[in-house]
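> My questions all concern the structure below.
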Amino acid sequence: MTPAGAGARRFYYRKVKSRVVMGLAVVATVLTPAPLFLIVGDLLFHGDAATAKKYGVTLSKTGMACAMCHPMASDTHPYEYPKFQEETSKFATLRDMINWCIEPPVKGKLLAPDDEKLRALEAYILAQRNGVPLAYGKH
Ligand code: HEC
121 MTPAGAGARR
131 FYYRKVKSRV
141 VMGLAVVATV
151 LTPAPLFLIV
161 GDLLFHGDAA
171 TAKKYGVTLS
181 KTGMACAMCH
191 PMASDTHPYE
201 YPKFQEETSK
211 FATLRDMINW
221 CIEPPVKGKL
231 LAPDDEKLRA
241 LEAYILAQRN
251 GVPLAYGKH
């Protein structure tokens, strides 16, 4: 074999290898649970009936989805948590406030603090924060 042939083979081998690595990275990104989790949070936030049914969750009995009052998660201020809430006279985390908002305004069923649906909603809201600097305790 000529040295040029060996070089070419090495070149193609590297090219194929980088394609395989790229392909695996793409597959890993698509299959990674985080975006799926966000999609579930997004759907629940927007009151998607099929998702609510699938996950057995009643976020609202009034037909009002989170997104109707908080379009694009507006006014949820995830970067301000934890903070003291005068309404409850307690320090609240974002999850506490999601639950707070499920109960009185929309008469839904409260979620346990570690419930995956609550975590999905939290993930969606946090994802909408999109680079806003943290300012915990702020009102
Ligand atoms: C009927 C309208 C309405 C619906 C539906 C609603 N919210 Fe709210 N939400 C409010 C109002 C009003 C506040 C208080 C806003 C404030 O204090 O500035 C609030 C506050 C919040 C806060 C705290 C915001 C802060 O300033 O710290 C979070 C988080 C929140 N809602 C999440 C949700 C989620 C998640 C849902 C769906 C399960 C939901 N909300 C459904 C009206 C609504």
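Per my numbering: the sequence shown ends with 259, consecutive numbering throughout.
Just so it is clear, CB atoms sit at the ideal spot from N, CA and C, and this is done for glycine as well.
(1) Taking the C-alpha atoms as reference points, what is the distance between Tyr199 and Val140?
(2) Using the DSSP secondary-structure output, state which residues sit across from Lys203 in a beta bridge.
(3) Please decide whether Ala169 counts as near chain D, where near means a Cβ-Cβ distance under 7 Å.
(4) With a CB to CB cut of under 6 Å and the five nearest residues on each side skipped, what residues in its chain are close to Ala187?
(5) Excluding the 5 residues flanking Leu254 on each side, which residues of the same chain have their C-beta closer than 6 Å to its C-beta?
(6) Check whether the Cβ atoms of Phe157 and Ala243 lie closer than 7 Å to each other.
(7) Might you give, ordered along the chain, the residues of its own chain that have their beta carbon closer than 6 Å to the beta carbon of Ala128, omitting 5 neighbours on each side?
(8) Going by the CB atoms, is the gap between Thr171 and Gly228 shorter than 7 Å?
(9) Shortest alpha-carbon distance to Ala154 belongs to which of Ser180, Tyr201, Asp195 and Ala240?
(10) Going by CA-CA distance only, name the one from Ala193, Leu144 and Met184 that's closest to Gly161.
(11) Measuring only from the beta carbon, is Thr260 closer than 6 Å to any heavy atom that is part of ligand 1?
(12) In whole angstroms, what is the alpha-carbon distance linking Gly176 and Cys221?
(13) Quick check: is any heavy atom of ligand 1 less than 6 Å from the C-beta of Leu241?
(14) Would you decide whether Met217 is buried or exposed? Buried here means 16 or more other CB atoms lie within 10 Å of its CB.
(15) Kindly indicate which residue of Lys135, Tyr132, Tyr256 and Ala126 has the alpha-carbon position closest to the one of Pro202.
For this structure:
(1) So the two alpha carbons sit approximately 39 Å from each other.
(2) Ala212.
(3) The question asks about chain D, but that chain is absent: this structure has only one protein chain.
(4) Excluding positions up to five away in sequence, the list reads Phe165 and His166.
(5) Excluding residues up to 5 positions away in sequence, Tyr199 lie with their Cβ nearer than 6 Å to the Cβ of Leu254 in the same chain.
(6) Yes, these two residues count as a Cβ contact at 7 Å.
(7) Within the same chain, Ala128 has no close Cβ partners at all.
(8) Thr171 is positioned such that its CB atom lies no closer than 7 Å to that of Gly228.
(9) If we check each option's Cα against that of Ala154, Ala240 comes out closest.
(10) The residue with the shortest Cα to Cα distance from Gly161 is Ala193.
(11) Outside the displayed span of the chain (121 to 259) sits residue 260, for which this structure offers no information.
(12) CA-to-CA, the gap between Gly176 and Cys221 works out to about 18 Å.
(13) Checking every heavy atom of ligand 1 against the Cβ of Leu241, one is found closer than 6 Å.
(14) With 16 or more other Cβ atoms from the protein chains shown falling within 10 Å of its own Cβ, Met217 counts as buried.
(15) The candidate whose alpha carbon is nearest that of Pro202 is Tyr256.
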